[in-house]
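Input: a single structure, listed below in structure tokens.
In this note's numbering, the protein residues as written are -18 to 110.
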């Protein structure tokens, strides 16, 4: 599957997550905050490209997908930004937002991590809510 990834676009759903003051919290400074925010993402740009975020412990993500390629982005990636998002299409990608010292395993720094090759369906099967 060929993907065009654009690091420069940070849109509303990711901005909402970024406004959360997790990095400065007492638990984050103490290294206790180990959950990341997981988003399911559609191709295209626009407000409806991401699902609502879900908190999942980093260790569970790393353990559930030991062979997934993790691609790092400083800002929220936009998949095929030249397209306008179709809100009827299914989510096709899993993006993990890490901030405030939440890193673990192959997820080694703050930012956005695309779990390349992991579908939202597979993610939900291995890590149900």
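We put the CB at the ideal spot given by N, CA and C, even for glycine.
- Annotated three-state conformation of residue 50 is strand, per DSSP.
- Residue 27 sits away from residue 76, with the two beta carbons spaced by 8 angstroms or more.
- Short of 6 angstroms from the beta carbon of residue 99, and not among the five residues preceding or following it, lie these beta carbons of its own chain, in chain order: 46, 49 and 75.
- In summary, residue 68 is exposed, with fewer than 16 beta-carbon neighbours lying within 10 Å of its beta-carbon over all protein chains present.
- Residue environment for residue 62: buried (at least 16 other C-beta atoms within 10 angstroms of its C-beta).
- Here DSSP, grouped into helix, strand and coil, assigns residue 69 to coil.
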